[in-house]
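Visitor: Start counting the sequence shown at 1281; every next residue gets the next number (this note's numbering).
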Amino acid sequence: MLKSDLINILVVKRGVTQKQAELTIETIFESMKDALCKGENIEIRGLGAFHVKHYEGYQGRNPKTGEVIPVRPKRGILFRTGKELRDRVNHPDDEPGAVPSAAAPTESSPGSGGAQ
């Protein structure tokens, strides 16, 4: 899904104009970027959480020459899915009593004992 798809969904489902939808999506994403740049974490219930992880500096090595190279401290962004999303992704066709195909019992005659 692209940002333009999100904009189109807003236009269709909420009946806003294309310009209003673009502004709304841009505002949300800019706010998220600003918060992450400030080192803040973002939690969206039902979706997941973005965490800013701080990495310490260390002494790296050039694999070609073996030269020691200092690596500066840096920050990275981690995303952890929420339980609700993880469950929906793993069981997209949740129906009561449905058994996921990977966990479906195999048919074997009792007492066959495997190979004959």
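Glycine residues also receive a C-beta, built at the ideal position from the N, C-alpha and C atoms.
Going by the DSSP bridge assignment, what does I1305 pair with across the sheet?
Guide: For I1305, which the question treats as bridged, DSSP gives no partner whatsoever.
Visitor: Would you tell me roughly how many angstroms separate the C-alpha atoms of I1289 and G1326, rounded to the nearest one?
Guide: So the alpha carbons of these two residues sit roughly 19 Å apart.
Visitor: Which two residues bound the contiguous alpha helix (DSSP H) that contains R1368?
Guide: From DSSP, the alpha helix (DSSP H) with R1368 extends over 1363 to 1370.
Visitor: Can you tell me the Cβ-Cβ gap for V1348 and G1337, rounded? I've got them flagged as a contact below 8 Å.
Guide: With 8 Å as the limit, V1348 and G1337 do not qualify as a contact, their Cβ atoms being about 13 Å apart.
Visitor: Using a Cβ-Cβ cut-off of 7 Å, state whether K1318 counts as contacting chain B.
Guide: Considering every chain present, this structure includes no chain B. It has just one protein chain.
Visitor: How big is the Cα-Cα spacing for F1309 and N1342?
Guide: F1309 and N1342: Cα-Cα distance of roughly 37 Å.
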